[in-house]
Amino acid sequence: MNVQSGAARYSADYDQPVRGDTITADRYTSREWMEAEYENLWPSVWHLGGVTADLEEEGDFIRHNFGRESVIMVKQADGGVRAFYNTCPHRGNRLALGDVGSTPRITCGYHGWQFDPDGTLVHVQDEDDFPGGSPCGKVHLSELRCETWGPFVFWAMDKDIAPLAEWLAPFPERLAGYKLDNWVRVLNVSADCEFNWKIIRDNFNESYHLPTIHPELATFINDGLPTTLFEMYESGHNSMWMIGHQATSRKDYVSGDVPPGLYEAAEAWGIDPKEYRGRTADIREAVIEAKRKHGAERGYDYDSMTDQQLVDYFHCTLFPNLTITMSPEQCQILRTEPHPTDPAKCVFQHWCLYPPVEGMKEVETPVGKAPLKHDAIAQHSVYGDGVSLGFVADQDLSIGTTQQQGLNSRGFQGCLLTYQEKRIQRFHELLNDVVLGHPTEHKAPAGE
Ligand code: FES
Ligand SMILES: [Fe+2]
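Per full-length UniProt numbering: the sequence shown = residues 1 to 448.
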């Protein structure tokens, strides 16, 4: 792969070298790779566990099942949040069995041991029957690191991991203008899928598939290579700024009529699209102006956003498995998590958060209109059973199963990437370092 040049635009400040390690198929198919990830990767990163809206009162909790692990995040008397492994110190039974709940005492369903929200054991049956005396007040639930950022709660297994804000950098600073703190999670959907979790991570690490998998986006998002900006950070996170409110420069939409997606986007801000025939690229500037002028009267708080944030799409891809896609009116969380035992399966999750806008009762989510309230649409399904996870997400997921099948072939010799897919190369080289502890050999794939 030629990693030195190409049509894609990488930020001069945030580019990273890659070595050219072969992206082997076994990482998607083998149990050894999956086990090495459980051992070396997942304990070393922060995990998004839930939203603070589910943690209002002391004793409110969220459970996050992750692969074979399960974690509970519990609201404390002092307003903080602590996270514990969801396992009873008596004989290991899982404590919380629901996704969200509230209880003054976390109680084990087996022998009834009870824990305060701070994880301290406070009640056992037959308290005087312990060889070392009563364990109450001495035994605690096993604790993890837990921190919040904006409306989100994160946990981490590594006690020495960097503080969350540092680990998330540069995104807390880059996203500050959107003022995410009070945004409302309206969509909370997930599905069991028949492919490895990295298949969708690769998909989010490139925009090469937009013209083929999401052709309709081209009418209002400019996915042309000279204008799309990729940034790669040393941490392993990366981002992509994609010009919005402008049709793709891959085709000549500029000199003709305004295409449908852009037409609607212009009309939504009182701009007459017909006036932009033959100069459709100018609509973006007109929308910036209209949002600055009319945003506040429509209840939006655009003051701290840059012009770019007002109209463009900012895709933040965090290592290893979390994507945050920002527009001024929608924050999408997209991620995949590993299956407990099968490398050819994963869980896909899609959340959408919206800013609270006075007087607004409904929002347009990727699966249709929904009331602007917490978890208005919350469901888990099996991909392929006909339940939508969002129009664009469905398109991405549609390639997952067939790609997994193709990767099982003896004929597949490692990925052959374009320059614009360099973020995929970097992602896998970081995985090689963290999961295997060494690069894979550089074997020239077919065609090089
Ligand atoms: S396993 Fe929890 S009380 Fe026995
Ligand atoms: Fe996609």
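By construction, the Cβ of each residue, glycine as well, lies at the ideal position given by its N, Cα and C atoms.
Q) Rounded to the nearest angstrom, how far is the Cβ of Thr227 from that of Ile243, given a contact under 8 angstroms? A) 5 angstroms
Q: From the DSSP output, in three-state form, read off Gly256 for me.
A: coil
(Q) Considering only heavy atoms of ligand 1 and the C-beta of each residue, which residues fall inside 7 angstroms, strictly closer? (A) Cys88, His90, Arg91, Gly92, Asn93, Cys108, Tyr110, His111, Gly112, Trp113
Q. Based on Cα-Cα distance, which residue from Thr402, Glu421, Asp192 lies nearest to His339?
A. Asp192
**Q.** Asp78 beta carbon near ligand 2 (any heavy atom closer than 8 angstroms)
**A.** no
Q: Would you kindly report the start and end of the unbroken beta strand (DSSP E) that includes Asp192?
A: 184-193
Q | Heavy atom of ligand 2 within 8 angstroms of His350 beta-carbon | A | no
Q: Compute the minimum distance between the beta carbon of Asp394 and the heavy atoms of ligand 2, and state whether it is under 8 angstroms.
A: no
Q) Considering only the beta carbon of each residue, do Arg145 and Ala83 sit closer than 9 angstroms? A) yes
(Q) What residue range does the beta strand (DSSP E) around Arg31 cover? (A) Where Arg31 is concerned, there is no enclosing beta strand (DSSP E), although the alpha helix (DSSP H) it sits in stretches over 31-36.
(Q) Using only CA atoms, which one of Cys346, Gln413, Glu58 lies nearest to Lys443? (A) Gln413
Q | Limits of the beta strand (DSSP E) - the one that His90 falls within | A | Segment: none, His90 is in no beta strand (DSSP E) and carries neither H nor E.
Q) Which two residues bound the contiguous alpha helix (DSSP H) that contains Leu407? A) 400-407
Q) Would a C-beta distance cut-off of 9 angstroms place Ser190 and Leu389 closer than the cut-off? A) yes
**Q.** Alpha carbon of Glu448 to alpha carbon of Pro170, nearest angstrom
**A.** Only weak support is given to the placement of Glu448: the predicted model assigns it a pLDDT of 47, under 50, and the value that follows is read from those uncertain coordinates. Their backbone Cα atoms lie some 35 angstroms apart in a straight line.
Q) Are at least three pairs of beta-carbons, each pair with one atom in the stretch 163-178 and one in the stretch 320-330, less than 8 angstroms apart? A) yes
(Q) Using only the alpha-carbon positions, how far apart do Val392 and Pro366 sit? (A) 8 angstroms
Q.
With H, G and I counted as helix, E and B as strand and the rest as coil, what does DSSP make of Trp46?
A. strand
Q) Is any heavy atom of ligand 2 found at a distance shorter than 8 angstroms from the C-beta of Asn238? A) no
(Q) Please tell me whether, using a cut-off of 8 angstroms, the distance from the CB of Leu210 to the nearest non-hydrogen atom of ligand 2 is below it. (A) yes
Q. If Val434 sits next to Ser44, beta carbons under 8 angstroms apart, how far is it from one beta carbon to the other, in whole angstroms?
A. 7 angstroms
Q.
Between Ile213 and ligand 2, is there a pair consisting of the residue's CB and a ligand heavy atom that are separated by less than 8 angstroms?
A. yes
Q | Stretch pair the stretch 150-163 + the stretch 177-190: three plus CB contacts closer than 8 angstroms | A | yes
Q) Thinking C-alpha only, which one of Gly80, Phe154, Asp158 is nearest Glu165? A) The displayed chain sequence assigns Ala, not Glu, to residue 165. Closest option to Ala165, Cα to Cα, is Phe154.
Q.
What residue range does the beta strand (DSSP E) around Leu144 cover?
A. 143-149
Q) Ordered along the chain, which non-local residues of its own chain (more than five positions away) have a Cβ less than 8 angstroms from that of Trp33? A) Asp26, Arg27, Pro343, Val435
Q) What residue from Gly386, Lys345, Thr336, Leu121 has the CA that sits closest to Trp351's CA? A) Thr336
Q.
Using a Cβ-Cβ cutoff of less than 8 angstroms, which residues in the same chain neighbour Gly186 once the five nearest sequence positions on both sides are dropped?
A. The question names Gly, but residue 186 is Val in the sequence shown. Closer than 8 angstroms at Cβ, skipping near neighbours: Cys352, Leu353, Tyr354, Val363, Thr365, Ala370, Pro371, Leu372, Lys373, His374, Asp375, Ala376, Ile377.
Q. With burial defined as no fewer than 16 other Cβ atoms inside 10 Å of the residue's Cβ, what is the status of Gln379: buried or exposed?
A. exposed
(Q) At a threshold of 8 angstroms, does residue 461 count as lining ligand 2 (C-beta to nearest heavy atom)? (A) With the chain covering 1 to 448 only, the question about residue 461 has no answer from this structure.
Q.
At 3 residues or longer, what runs of the beta strand (DSSP E) sit wholly inside the stretch 315-351?
A. 322-327, 330-338
Q | Three-state secondary structure assigned by DSSP to Gly390 | A | coil
**Q.** Cβ distance (whole Å) where Ala53 is taken to contact Tyr419 below 8 angstroms
**A.** Their Cβ separation, rounded to whole angstroms, is 42 angstroms, which puts Ala53 and Tyr419 out of contact at 8 angstroms.
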